[in-house]
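What follows is a single structure, written as structure tokens, with notes after it.
Numbering (this note's numbering), first residue to last: 127 to 405.
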């Protein structure tokens, strides 16, 4: 069981130290990546030797064939050992560190990704996220919306007892780098907002390659009201909603932002009737 982890940020080495109950293992991520790369080359070389062996088998002695077979078998065995070693190291888990940093990468590409712009190694980026485990802070999660970005959940904060909305955005799978950059862009934008007619941002957590964006909870949208009550809105209701929307848009425009998707489904209302511009 991994008890703690420590990262160093030296220019020539990127070390991960994991302490288990009985020993401390220090791993150089560059060496792990190099091991995987070498093992791939060895497999390719062994395949080439076997191919050549087949093509010249009719013109060489049995001793030469046996020697070639032995060499190719040895190369395959060595490559397998290197891959198993790399996989074992990768299985040494440390606590959640963000995209591509929660386990030991075994490719040169992954080493590059660790150092890419937007990495949690950057203090400015790390400062955007709360360090606590969100599953220990929020309870009673119930999905209340879903879209291409992920899902939105109703939740209760165990500390403040406040009802909040949590938007979960995964950054795994295809285009993980783009997904991660989209998450950073949204968090930075939400950090800027401070207006009665925009959604209040409360913080963001990371767990299992998923960002938990925590925001104030709204009862529903203008379109929900129409659908539930099965009646058109009254004139004074429309006026109140439009006033809130216009104040919110004016604030966004002052920040140099445009909404681009103003519709009934994105006009949210809180329990006390305050209009909030959503996305």
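Cβ atoms here follow ideal geometry from the backbone N, Cα and C, with glycine treated the same way. Since the structure is predicted, the reported quantities are computational estimates derived from the model, not experimental observations.
Contact between the segment 261-272 and the segment 287-303 is present, with at least three C-beta pairs closer than 8 Å. Around the CB of residue 172, 16 or more other CB atoms lie within 10 Å, so the residue is classed as buried. Residue nearest to residue 344 within the set 245, 204, 280 is 280 (criterion: CA-CA distance). With 16 or more neighbouring CB atoms inside 10 Å of its own CB, residue 330 falls in the buried class.
When secondary structure is reduced to three states using DSSP, residue 396 falls in the coil class, being assigned neither helix nor strand.
Nearest Cα to residue 248 within the set 393, 372, 351, 310: 310.
Annotated three-state conformation of residue 245 is coil, per DSSP.
Around the beta carbon of residue 316, a 10 Å sphere encloses 16 or more other beta carbons of the protein chains shown; the residue is thus reported as buried. The three-state reading of DSSP puts residue 258 in coil, since its state is none of H, G, I, E or B. At a Cβ-Cβ threshold of 9 Å, residue 348 and residue 325 do not count as neighbours.
Checking the DSSP bridge columns, you'll see residue 268 partnered with 280. In chain order, 323, 401 place their CB closer than 6 Å to the CB of residue 370, counting only its own chain and leaving out the 5 sequence neighbours on each side. Between residue 392 and residue 382, the gap from beta carbon to beta carbon reaches 9 Å or more. Boundaries of the beta strand (DSSP E) harbouring residue 333: 327-333, taken from the DSSP string. With fewer than 16 other Cβ atoms inside 10 Å of its own Cβ, residue 170 counts as exposed. The continuous alpha helix (DSSP H) containing residue 305 extends over residues 302-318.
Around the beta carbon of residue 360, fewer than 16 other beta carbons sit within 10 angstroms, so the residue counts as exposed. Here the alpha carbons of residue 327 and residue 252 stand approximately 17 Å from one another. Annotation for residue 354: the continuous alpha helix (DSSP H) segment containing it runs 348-355. Spanning the alpha carbons of residue 308 and residue 365 requires a straight line of approximately 34 Å. CA-CA distance, residue 305 to residue 337, rounds to 10 Å. A Cβ-Cβ distance of about 27 Å is found for the pair residue 286 and residue 335, leaving them out of contact under the 8 Å criterion. By the Cβ-count criterion, residue 165 is buried, with 16 or more other Cβ atoms from all chains shown falling within 10 Å of its own Cβ.
Where residue 345 is concerned, there is no enclosing alpha helix (DSSP H), because DSSP gives it neither an H nor an E.
Cβ-Cβ distances below 7 Å link residue 268 to 279, 280 in the same chain, with the five nearest sequence neighbours on each side left out; the list follows chain order.
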